[in-house]
Every structure is written in structure tokens, then in C-alpha cells.
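Participant: With the working numbering, the residue at position 72 of the sequence shown is 1403, and numbering never jumps. Here it is, the structure in full.
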Amino acid sequence: MTRVSGLRGSGPVGGIGGRTGPAAAAGGGFTITTQSQQAAIAVAPVDMAGLISLQDEDGPVRRDRAAHRAGEQTLGSLAALQAALLGGARPDLDTLRQMIENMPRPADPALQTVIGAIRLRARVELARHERL
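As C-alpha cells, this is what we get:
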């Protein structure tokens, strides 16, 4: 078998004479022996701006998560307001007011719509109970 060294260190290349081993069984005409597939894969350079944007405190994913949590908490506060009214207790309107004032604005347009509806419902409840 004749061996030819490849360009730029790609590894030895086996000739087609004799056809023995796995190449003969697979019907291949030649084989290329490389050190490792992992070593042959080139790693792309890392963009620093991309890494920094992943760590961004106000990134869209973080804003959406924070808005989602705030929306869930506001819904819980609205449910507590309803339970207080049904039980004859005085509802905690200050907590509800603070929640809607501090609610973050999400990046996702669909989530913005949902959060807007929750805010509106909370404002309606505040207006109803403040004038009573």
C-alpha cells in the first residue's frame, strides 16, 4: 500500500492498491486517516459584543421574564382583592397600586398586550374602590 502525505497536515492518505480492511468491505477506493474529528473542527471566533449582550441586565428575555412575574403577582393581588371583598375585609389597594406602577415593560409584543390588559384591569379595580 502506498502512503501519500496530505497538504497542511491533514494526515496520511492510503492508496487503492490491495483493498483490504474496512475500505474493501464498504467498497471505498481509498481511506483518509485523521487524528480526530474534534481536532479538525475549527472554532469560530467569539464576538465580544454578543457576549456582552447576553449579560445585558435589561435584555429582552430578562425584561419579558420580569414582566411575566409581575403580571402573575398582579393577578394574585387582584384575586386577593376579590377574596377580601367577598370576606367583608378591606382590600389592600396600596400594594396593587405599587405593583402596576413598578411593572416592567416587556419586549415581546404579545406579552405587552397581556400585561396591558392586566394593568387596565388593576386600574379599573383601583378606580372602583377608591371612590367608594
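Yeah, the Cβ is synthetic: ideal placement off N, Cα and C, and Gly gets one too.
Just the C-alpha distance for residue 1410 and residue 1399, rounded to the nearest angstrom, thanks.
Facilitator: Working through the sequence shown from its first residue, we reach residue 1410 at position 79. Working through the sequence shown from its first residue, we reach residue 1399 at position 68. C-alpha separation (whole angstroms): 17 Å.
Participant: Classify residue 1456: buried if its beta carbon has 16 or more other beta carbons within 10 angstroms, exposed otherwise.
Facilitator: As a working note, residue 1456 is residue 125 in the sequence shown. By the 10 Å Cβ count, residue 1456 comes out buried.
Participant: Within a Cβ cutoff of 7 Å, which residues of the same chain sit near residue 1452, ignoring the five residues on either side of it in sequence?
Facilitator: By one-based count along the sequence shown, residue 1452 stands at place 121. Same-chain partners within the cutoff: 1409.
Participant: Out of 1419, 1425 and 1438, which one is the CA nearest neighbour of residue 1461?
Facilitator: Counting from 1 along the sequence shown, the entry for residue 1461 is found at position 130. The candidate whose alpha carbon is nearest that of residue 1461 is 1425.
Participant: How would you call residue 1417, buried or exposed, if buried means at least 16 neighbouring beta carbons within 10 angstroms?
Facilitator: Residue numbering aside, residue 1417 sits at position 86 when the sequence shown is read from its first letter. Its Cβ having fewer than 16 others within 10 Å, residue 1417 is exposed.
Participant: Considering just the uninterrupted stretch of the alpha helix (DSSP H) at residue 1430, what are its terminal residues?
Facilitator: Translated into the one-based positions of the sequence shown, residue 1430 becomes position 99. Its alpha helix (DSSP H) spans residues 1424-1432.
Participant: Given a threshold of 16 other Cβ atoms within 10 Å of its Cβ, counted over all protein chains shown, does residue 1423 qualify as buried or as exposed?
Facilitator: The residue labelled residue 1423 in the question sits at position 92 within the sequence shown. By the 10 Å Cβ count, residue 1423 comes out exposed.
Participant: With C-beta atoms as the reference, is residue 1443 less than 8 Å away from residue 1436?
Facilitator: Taking the sequence shown and counting its residues from 1, the one referred to as residue 1443 is at position 112. Taking the sequence shown and counting its residues from 1, the one referred to as residue 1436 is at position 105. Yes, the pair counts as a contact, with Cβ atoms nearer than the cut-off.
Participant: Looking at the structure shown, is residue 1440 part of a helix, part of a strand, or coil, going by DSSP?
Facilitator: The residue you call residue 1440 lines up with position 109 of the sequence shown. In this structure, residue 1440 counts as helix in the three-state DSSP scheme.
Participant: Is the separation between the beta-carbon of residue 1395 and that of residue 1448 shorter than 8 Å?
Facilitator: Position 64 of the sequence shown, counted from the start, is the residue given in the question as residue 1395. Position 117 of the sequence shown, counted from the start, is the residue given in the question as residue 1448. No, these two residues do not count as a Cβ contact at 8 Å.
Participant: Select from 1440, 1450, 1432 and 1407 the residue whose C-alpha is nearest the C-alpha of residue 1391.
Facilitator: For the purposes of this step, residue 1391 is identified with residue 60 of the sequence shown, where counting begins at 1. If we check each option's Cα against that of residue 1391, 1440 comes out closest.
Participant: Could you compute how far the alpha carbon of residue 1431 sits from the alpha carbon of residue 1454?
Facilitator: One-based indexing of the sequence shown puts residue 1431 at position 100. One-based indexing of the sequence shown puts residue 1454 at position 123. Near 8 Å, if we compare the C-alpha coordinates of residue 1454 and residue 1431.
Participant: If you run the structure through DSSP and keep just helix, strand and coil, what is residue 1447?
Facilitator: Taking the first residue of the sequence shown as position 1, residue 1447 is located at position 116. Here residue 1447 sits in helix by DSSP.
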